[in-house]
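Enquirer:
Number of protein chains: 2
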Amino acid sequence: MNFQLQEAIELLQRTPKTLENFLSGLSAGWLQCREGEGTWNATEVIEHLIEAEKTNWIPKLEIILQEHGDKTFPVFDRFSHLKEHSGETIEEKLRLFQELREQNLAKLNHLIGPETDFEWTGIHPAFGPVKLRELLSTWAVHDLTHIAQIVRVMAKRYKEDVGPWIEYLGILKK
Amino acid sequence: MNFQLQEAIELLQRTPKTLENFLSGLSAGWLQCREGEGTWNATEVIEHLIEAEKTNWIPKLEIILQEHGDKTFPVFDRFSHLKEHSGETIEEKLRLFQELREQNLAKLNHLIGPETDFEWTGIHPAFGPVKLRELLSTWAVHDLTHIAQIVRVMAKRYKEDVGPWIEYLGILKK
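Chain order of the listed sequences is A and B.
Following the UniProt record's numbering, the numbering of the first sequence begins with 1 at its first residue and continues without gaps.
Following the UniProt record's numbering, the numbering of the second sequence begins with 1 at its first residue and continues without gaps.
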């Protein structure tokens with residue numbers, strides 16, 4: 001096991017700014033391209049990250065930390081962001097993600113203290129008991145999986161364009 | 001085909017700053033972790049990107065653009081960065097990558113003009129004739145493939161830590 005709270009926070013702090021640097025001001029061709037029907041473009045991934053900041057990580061954390069009551073997490077709809085189409089620009093969405101992440105890291109800092117036991121559990125509707133350290137590790141890896149997704153989707157836009165070099169570019173074969 | 005020079009440049013301009021935001025100040029645990037024996041950690045990926053800025057992209061571009069002489073590219077050693085171990089910090093390496101990229105984009109801007117034909121070719125030692133537009137597309141996708149690699153390597157450090165959530169985290173199964 002490698003989880004350490006401070007190292008997980010290092011990643012969580014960096015994601016919004018990293019994505020802002022990468023995506024702000026990009027042409028629509030990059031922001032709107034997809035791997036195929038029913039897959040997400042970069043803009044939709046940011047909307048999903050915003051939704052998870054609002055309704056997924058901190059609510060689950062609070063359920064694990066509460067002393068009494070039902071420890072079962074409500075079901076998180078991973079596709080809810082696709083139901084609303086807001087007119088905001090990518091820059092506005094990235095700013096909102098950054099703000100929500102900062103607020104959530106402040107909450108995390110407030111909720112977790114020296115007495116917190118990272119083995120404490122909540123009940124995941126599909127998996128059963130899950131530990132606090134698993135939730136926090138997943139939050140960090142969830143960021144990474146979606147950065148990788150955005151990068152892969154954009155790379156594939158040039159799948160034909162790279163010609164024979166596709167041989168050396170593993171990302172295009174996934 | 002999707003290649004457009006200005007859109008490719010948009011990506012090439014963003015990579016150094018994106019990686020700086022992501023990697024600067026991270027703990028050694030993140031910067032030194034690997035997927036396994038013989039694979040690159042994040043620091044080694046940055047060294048490889050620096051090496052490619054120095055000896056790969058612009059020299060190939062110049063060979064394609066030259067009017068006379070041998071159009072065969074010299075062999076690029078993709079592993080040469082592993083032979084020298086410099087004592088620089090990750091922040092210094094990221095700064096060097098940024099400087100070299102800026103210089104190379106200035107050269108690109110100088111070398112490519114309205115008369116340039118993106119169908120012009122050079123001879124790749126393994127692939128045979130390759131086009132200018134394939135070289136430039138590959139340069140951009142090469143950035144993306146290495147961003148994805150860094151993100152994947154770091155995610156896998158938490159492969160055990162996420163517990164049952166591995167089910168939803170495709171990046172950990174690659």
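Ideal placement from N, C-alpha and C gives every residue a C-beta, glycine not left out.
Small disclaimer: the values here were computed from a predicted structure and weren't measured.
Chain A partners of residue 22 of chain B, CB-CB under 7 Å?
Expert: 14 and 18
Enquirer: Pull up the distance between the alpha-carbon of residue 205 of chain A and that of residue 105 of chain A, whole angstroms please.
Expert: Since the first residue shown for chain A is 1 and the last is 174, residue 205 of chain A is missing from the structure and cannot be characterised.
Enquirer: Does residue 80 of chain B come within less than 7 Å of chain A when only Cβ atoms are used?
Expert: no
Enquirer: From the DSSP output, read off the bridge partner residues of residue 130 of chain B.
Expert: Looking at the DSSP assignment, residue 130 of chain B forms a beta bridge with B:122.
Enquirer: With burial defined as no fewer than 16 other Cβ atoms inside 10 Å of the residue's Cβ, what is the status of residue 126 of chain A: buried or exposed?
Expert: Burial call: exposed.
Enquirer: Can a CB atom of chain A be found closer than 7 Å to the CB of residue 144 of chain B?
Expert: Closer than 7 Å: yes.
Enquirer: 7 Å is my cut-off, CB to CB: does residue 151 of chain B come that close to chain A?
Expert: Yes - at least one Cβ of chain A is within 7 Å of the one on residue 151 of chain B.
Enquirer: Straight-line CA distance for residue 118 of chain A to residue 43 of chain A?
Expert: Using only the alpha carbons, I get a separation of about 34 Å.
Enquirer: Does the Cβ-Cβ distance between residue 71 of chain A and residue 63 of chain A come in under 7 Å?
Expert: yes
Enquirer: Please report the distance separating the alpha-carbon of residue 196 of chain A from that of residue 12 of chain A.
Expert: The structure shown does not extend to residue 196 of chain A, since chain A is modelled only from 1 through 174, so no value can be given for it.
Enquirer: Once DSSP output is grouped into helix, strand and coil, what is the label at residue 116 of chain A?
Expert: coil
Enquirer: Apart from the five residues on each side of it in sequence, which residues of its chain come closer than 8 Å, Cβ to Cβ, to residue 98 of chain B?
Expert: 16, 17 and 20
Enquirer: In angstroms, rounded to a whole number, what distance separates the CA positions of residue 148 of chain A and residue 95 of chain B?
Expert: Each residue's alpha carbon lies about 23 Å from the other.
Enquirer: What are the start and end residues of each continuous alpha helix (DSSP H) run of 4 or more residues lying completely inside the UniProt domain "DinB-like" (12-150) of chain B, in chain order?
Expert: 28-32, 42-55, 57-65 and 90-111
Enquirer: Using the rule of at least 16 other Cβ atoms within 10 Å of the residue's Cβ for burial, across every protein chain shown, is residue 39 of chain A buried or exposed?
Expert: exposed
Enquirer: Helix or strand or just coil, what does DSSP make of residue 4 of chain A?
Expert: In the structure shown, residue 4 of chain A sits in coil (DSSP, three-state: anything other than H, G, I, E or B).
Enquirer: Output needed in chain order: residues of the stretch 127-140 of chain B with a Cβ under 7 Å from some Cβ in chain E.
Expert: Annotation note: the requested chain E is absent from the structure, which comprises protein chains A and B.
Enquirer: Any beta carbon of chain A sitting closer than 7 Å to that of residue 3 of chain B?
Expert: Cβ-Cβ to chain A under 7 Å: yes for residue 3 of chain B.
Enquirer: Given a cut-off of 7 Å, decide if residue 91 of chain A and residue 27 of chain A are closer than it, judged by their beta-carbon atoms.
Expert: no
Enquirer: Check the Cβ of residue 162 of chain B against every Cβ in chain A and list those closer than 8 Å, keeping chain order.
Expert: Within 8 Å Cβ-Cβ: 134, 137, 138 and 141.
Enquirer: At a CB distance below 9 Å, what residues from the stretch 26-49 of chain B approach chain A? Give them in sequence order.
Expert: 26, 27, 29, 30 and 33
Enquirer: Could you check whether the Cβ of residue 94 of chain A sits closer than 7 Å to any Cβ belonging to chain B?
Expert: no
Enquirer: Within 10 angstroms of its Cβ, does residue 77 of chain B collect 16 or more other Cβ (buried), or is it exposed?
Expert: exposed
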